[in-house]
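As you go down the protein sequences, you meet chains A and B in turn. Number 181 in my numbering belongs to position 68 of the first sequence; there are no gaps in the numbering. Number 144 in my numbering belongs to position 31 of the second sequence; there are no gaps in the numbering. Where is the CB? At the ideal position from N, CA and C, for every residue including glycine. Before any comments, here is the structure.
There are 2 protein chains.
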Amino acid sequence: MDLTRKKRTRLYEDVVEQIRRLIVEGTLAPGDQLLPERQLAEKLGVSRSAVREALTSLVSLGLLEITPGSGAYVKEIKIDQLIDPLASIMLKEINDVFDILEARQVLETGSARLAAQRAERTDLYELHEFLRDMENDVNEGRDTDESDSQFHFSVVRASHNTVLINLMTVLMGLMKEYYGPSRKRLVENRPYREMWALQHTEIYEAIKSGDPEQATDAVAKHLDTTIKEFRRLQGTDE
Amino acid sequence: MDLTRKKRTRLYEDVVEQIRRLIVEGTLAPGDQLLPERQLAEKLGVSRSAVREALTSLVSLGLLEITPGSGAYVKEIKIDQLIDPLASIMLKEINDVFDILEARQVLETGSARLAAQRAERTDLYELHEFLRDMENDVNEGRDTDESDSQFHFSVVRASHNTVLINLMTVLMGLMKEYYGPSRKRLVENRPYREMWALQHTEIYEAIKSGDPEQATDAVAKHLDTTIKEFRRLQGTDE
DNA sequence: TGGTCTAAACTGGTCTGGCCAATTTCTATA
DNA sequence: TATAGAAATTGGCCAGACCAGTTTAGACCA
Numbered sequence: 114m115d116l117t118r119k120k121r122t123r124l125y126e127d128v129v130e131q132i133r134r135l136i137v138e139g140t141l142a143p144g145d146q147l148l149p150e151r152q153l154a155e156k157l158g159v160s161r162s163a164v165r166e167a168l169t170s171l172v173s174l175g176l177l178e179i180t181p182g183s184g185a186y187v188k189e190i191k192i193d194q195l196i197d198p199l200a201s202i203m204l205k206e207i208n209d210v211f212d213i214l215e216a217r218q219v220l221e222t223g224s225a226r227l228a229a230q231r232a233e234r235t236d237l238y239e240l241h242e243f244l245r246d247m248e249n250d251v252n253e254g255r256d257t258d259e260s261d262s263q264f265h266f267s268v269v270r271a272s273h274n275t276v277l278i279n280l281m282t283v284l285m286g287l288m289k290e291y292y293g294p295s296r297k298r299l300v301e302n303r304p305y306r307e308m309w310a311l312q313h314t315e316i317y318e319a320i321k322s323g324d325p326e327q328a329t330d331a332v333a334k335h336l337d338t339t340i341k342e343f344r345r346l347q348g349t350d351e
Numbered sequence: 114m115d116l117t118r119k120k121r122t123r124l125y126e127d128v129v130e131q132i133r134r135l136i137v138e139g140t141l142a143p144g145d146q147l148l149p150e151r152q153l154a155e156k157l158g159v160s161r162s163a164v165r166e167a168l169t170s171l172v173s174l175g176l177l178e179i180t181p182g183s184g185a186y187v188k189e190i191k192i193d194q195l196i197d198p199l200a201s202i203m204l205k206e207i208n209d210v211f212d213i214l215e216a217r218q219v220l221e222t223g224s225a226r227l228a229a230q231r232a233e234r235t236d237l238y239e240l241h242e243f244l245r246d247m248e249n250d251v252n253e254g255r256d257t258d259e260s261d262s263q264f265h266f267s268v269v270r271a272s273h274n275t276v277l278i279n280l281m282t283v284l285m286g287l288m289k290e291y292y293g294p295s296r297k298r299l300v301e302n303r304p305y306r307e308m309w310a311l312q313h314t315e316i317y318e319a320i321k322s323g324d325p326e327q328a329t330d331a332v333a334k335h336l337d338t339t340i341k342e343f344r345r346l347q348g349t350d351e
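Shown next, in the form of structure tokens:
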């Protein structure tokens, strides 16, 4: 009848907590090396297996990075580490693949509008780089997957809004997880790849000319055709 | 000089990935029990310690829950659990409080546009409820914090896009974390609360009438005034 | 027959000790 | 002095064992 302690605390959790505190409090800075597992075990008075489980947990939490033969190092936390769990949560709720594309449309049109107002020389340069990358990919028959994502990401980055950038990171992770396969078939369709490259150019020009409305429309149009093409591909399945 | 494989894959990571896929793909539903560690080890042809590290990792990722003496169970996870870590990561990168509001503007205007096209009777009813809640709060001098958030959330829900809804959840968590204090002063300002209630009505009417453009504009205007008022309040600080 | 209590089986938690492979450090040699 | 090779260190993985709870099944009683 002891309601105070709901579940027995596991040993490795204590270890996790101790190390976590050191990191959060700054005693252990990113890049610092932890004591070797064997020494940690001795120092904390637990077995190496307990220490190992703790370290495994901390790696999963994104706080550590372990190099075999070398040691465990404190890691700099980035948003990417949260995307996997985030994706697995959202994926279960998503009924329709197009929800992701639609969300992208919302996010990217808004970002493009801001980008048109704020893009700096370096942003435009980056956009142009990825634009050229994609054209090259198309011309040489390569996969445009990477250059396409990069371009879209650049648009959002050009908005200079860190929150939007992070949300876009989430969406990108979601996309990879969700429709990697169907995407393949889409990008293999040559006419569409060419149309895409063209539409990317339109987006780029709109942002460069600083016209928010035009930029918004260009992105909306681009994703509209993407969604339509996805629908068509899906239609041929059934 | 082998650039293809940056780091050797650890055994337990494979196990993590296998189990994760089963969960994400739905083969393992929340509440399901996994095989005992010893059986898993045998089945996968690895040692029990490898399995244990994999399970430890999955627990840290929030996908499993383990009860000593009983077994490992697939956990039902909600997005809320990830908001805290997500917020702590994003907060470090956010330079400007207004990035959050701006992101909300992007997300909510897009959602409102969709809501105008898709809102069903139940959605409109819900919106109307929260509208009335807020009016009551204003009239009786109560805090409008809750009813305000609820209304905005309802707009996004009426878009019937689960991805947008989840992103909005993230933003809401971020808001709470970031500007709880300044927000208080804002909602204490009576004239603004009244204007807000009025603008909410406009949003509601626009969605009800099924006019996407009008809905978009109404939300944009509403958040514009919010942002301006925030700026004004911040200006008085310094 | 139906319910209860107990003992065995099972399950996760932890430990010990060992071997391997990669990395780092040290050392002897050119 | 520079470098190649040996030795020590470190994490990855394994086998087997014991403990402390939980679950299960069977014996026993009403």
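Are the C-beta atoms of B/Ile320 and some chain A residue less than 8 Å apart?
Here residue 320 of chain B refers to the residue found at position 207 of the second sequence. No, B/Ile320 lies away from the interface with chain A (no Cβ there is under 8 Å from its Cβ).
Examine the ligand ZN and report whether any of its heavy atoms sits within less than 7 Å of the Cβ of A/Gly286.
The ligand ZN is absent from the structure shown, which contains no ligand whatsoever.
Quick check: the Cα distance between A/Ala163 and B/Arg245, rounded to an integer number of angstroms?
Along the first sequence, one-based indexing puts residue 163 of chain A at 50. Along the second sequence, one-based indexing puts residue 245 of chain B at 132. Cα to Cα, the separation comes out at about 55 Å.
Between B/Ala216 and chain A, is there a C-beta pair that is closer than 8 Å?
Indexing the second sequence from 1 puts residue 216 of chain B at position 103. Yes, its Cβ sits closer than 8 Å to a Cβ of chain A.
Please classify A/Val137: is it buried, with 16 or more other beta-carbons within 10 angstroms of its beta-carbon, or exposed?
As a first step, residue 137 of chain A must be located in the first sequence, where it is residue number 24. Residue environment analysis places A/Val137 among the exposed positions, since fewer than 16 neighbouring C-beta atoms fall within 10 angstroms of its C-beta.
For A/Thr180: DSSP bridge partner residues
Numbered from its first residue, the first sequence carries residue 180 of chain A at position 67. According to DSSP, which records beta bridges pairwise, A/Thr180 is partnered with A/Gly184.
Any chain A beta carbon closer than 8 Å to B/Ile355
Residue 355 of chain B lies beyond the residue range present for chain B, which begins at 114 and ends at 351; the question has no answer from this structure.
Shorter than 8 Å from the beta carbon of A/Arg165 to some beta carbon of chain B?
By 1-based counting over the first sequence, the position of residue 165 of chain A is 52. Interface residue, yes.
Strictly under 8 Å for the Cβ-Cβ distance: is B/Gly254 near chain A by that measure?
Stepping through the second sequence from its first residue, residue 254 of chain B is reached at position 141. No, B/Gly254 lies away from the interface with chain A (no Cβ there is under 8 Å from its Cβ).
Residue-level contact to chain B via CB, A/Leu174, 8 Å cutoff
Here residue 174 of chain A corresponds to residue number 61 of the first sequence, with the count starting at 1. Yes, its Cβ sits closer than 8 Å to a Cβ of chain B.
Contacts that A/Gly223 makes with chain B (C-beta to C-beta distance below 9 Å):
On the first sequence, residue 223 of chain A is found 110 positions in, with the first residue counted as 1. Under the 9 Å cutoff, chain B gives Glu215, Ala216, Gln218, Val219, Leu220, Thr222, Gly223.
Starting from the Cα of B/Leu168, find the closest Cα among B/Gly182, B/Glu150, B/Ala271, B/Ser183 and give me that residue.
Indexing the second sequence from 1 puts residue 168 of chain B at position 55. Of the candidates B/Gly182, B/Glu150, B/Ala271, B/Ser183, the one whose C-alpha sits nearest the C-alpha of B/Leu168 is B/Glu150.
For the stretch 211-226 of chain B and the stretch 175-185 of chain B, state whether three or more C-beta atom pairs, one from each stretch, are separated by less than 8 Å.
With a cut-off of 8 Å, the stretch 175-185 of chain B and the stretch 211-226 of chain B do not count as touching, because too few Cβ pairs lie within range.
Assigned exposure category for B/Gly223 - 16 Cβ within 10 Å defines buried
Position 110 of the second sequence, counted from the first residue, corresponds to residue 223 of chain B. Classification for B/Gly223: buried.
Presumed contact (8 Å Cβ cut-off) between A/Pro325 and A/Arg226, rounded CB distance:
Here residue 325 of chain A refers to the residue found at position 212 when the first sequence is read from its first residue. Here residue 226 of chain A refers to the residue found at position 113 when the first sequence is read from its first residue. Under the criterion of beta carbons closer than 8 Å, A/Pro325 and A/Arg226 qualify as touching, at roughly 4 Å.
Who pairs with B/Gln146 in a beta bridge, going by DSSP?
Residue numbering aside, residue 146 of chain B sits at position 33 when the second sequence is read from its first letter. B/Gln146 pairs with B/Tyr186.
Using the rule of at least 16 other Cβ atoms within 10 Å of the residue's Cβ for burial, across every protein chain shown, is A/Arg306 buried or exposed?
Position 193 of the first sequence, counted from the first residue, corresponds to residue 306 of chain A. Label assigned to A/Arg306: buried.
Where the stretch 265-283 of chain A meets chain B: residues whose CB sits under 9 Å from a CB there:
Ser272, His273, Asn274, Thr275, Val276, Leu277, Ile278, Asn279, Leu280, Val283
Classify A/Ser322: buried if its beta carbon has 16 or more other beta carbons within 10 angstroms, exposed otherwise.
Within the first sequence, the letter at position 209 stands for residue 322 of chain A. The residue in question, A/Ser322, is exposed, as its Cβ has fewer than 16 Cβ neighbours within 10 Å.
Since A/Leu157 and A/Val129 are thought to touch, with beta carbons under 8 Å apart, how far apart are those beta carbons, to the nearest angstrom?
Residue numbering aside, residue 157 of chain A sits at position 44 when the first sequence is read from its first letter. Residue numbering aside, residue 129 of chain A sits at position 16 when the first sequence is read from its first letter. Not really, about 11 Å apart at Cβ, beyond 8 Å.
Residues of the stretch 326-345 of chain B in Cβ contact with chain A at a cutoff of 8 Å, in chain order, please.
none
Can you name, in chain order, every residue of its own chain whose Cβ lies under 8 Å from the Cβ of B/Leu277, other than the five neighbours on each side?
Here the question's residue 277 of chain B lines up with position 164 in the second sequence. Correct list, in chain order: Leu220, Gly223, Ser224, Leu227, Val269.
For A/Glu189, collect the residues of the same chain with a Cβ closer than 7 Å to its Cβ; drop the 5 residues on either side in sequence, then sort them by chain order.
Sequence index remark: in the first sequence, residue 189 of chain A carries index 76 (1-based). Contacts found: Pro143.
In chain A, which residues lie with their C-beta within 8 Å of the C-beta of B/Asp212?
In the second sequence, residue 212 of chain B corresponds to position 99, counting from 1. Within chain A, the residues near B/Asp212 are Asn274, Thr275, Val276, Leu277.
Taking A/Leu135 as the query, report the chain B residues whose CB atoms sit under 9 Å from its CB, ordered along the chain.
Here residue 135 of chain A corresponds to residue number 22 of the first sequence, with the count starting at 1. Neighbours of A/Leu135 on chain B: none; closest Cβ ~17 Å, over 9 Å.
A/Met203 at chain B interface by Cβ criterion, 8 Å:
Against the first sequence, residue 203 of chain A aligns to sequence position 90. Among the CB atoms of chain B, one or more fall inside 8 Å of the CB of A/Met203.
Please classify B/Ser170: does DSSP put it in a helix, a strand, or coil?
Counting from one through the second sequence, the residue named residue 170 of chain B turns up at place 57. It is helical.
A/Ile132 lies in the alpha helix (DSSP H); which residues open and close that run?
Taking the first residue of the first sequence as position 1, residue 132 of chain A is located at position 19. Run containing A/Ile132: 124-137, per the alpha helix (DSSP H) assignment.
Per-residue contacts from B/Thr169 into chain A (C-beta, under 8 Å)
In the second sequence, counting from the first residue as 1, residue 169 of chain B sits at position 56. Result: Tyr125, Glu166, Thr169, Ser170, Ser173.
Just how far apart, CA to CA, sit A/Lys160 and A/Thr140?
In the first sequence, counting from the first residue as 1, residue 160 of chain A sits at position 47. In the first sequence, counting from the first residue as 1, residue 140 of chain A sits at position 27. Note that residue 160 of chain A corresponds to Ser in the displayed sequence, not to Lys. Spanning the two alpha carbons is a distance of roughly 24 Å.
Counting only runs of 4+ residues fully inside the stretch 206-258 of chain A, write out the alpha helix (DSSP H) ranges in chain order.
210-231, 234-252
Which value, in whole angstroms, describes the spacing of the CA atoms of B/Ile192 and A/Glu253?
Taking the second sequence and counting its residues from 1, one reaches residue 192 of chain B at position 79. Taking the first sequence and counting its residues from 1, one reaches residue 253 of chain A at position 140. Approximately 42 Å between the Cα atoms of the pair.
Using the C-alpha atoms, what's the distance from B/Phe264 back to B/Pro304?
The residue given as residue 304 of chain B occupies position 191 in the second sequence. The residue given as residue 264 of chain B occupies position 151 in the second sequence. Approximately 19 Å between the Cα atoms of the pair.
What three-state label does DSSP hand A/Lys321 in the structure shown?
As a first step, residue 321 of chain A is located in the first sequence; it is residue number 208 there, counting from the start. Three-state DSSP puts A/Lys321 in a helix.
Please state the DSSP three-state secondary structure of A/Asn279.
What you label residue 279 of chain A is simply residue 166 of the first sequence in a count that begins at 1. A/Asn279: helix per DSSP, three-state reduction.
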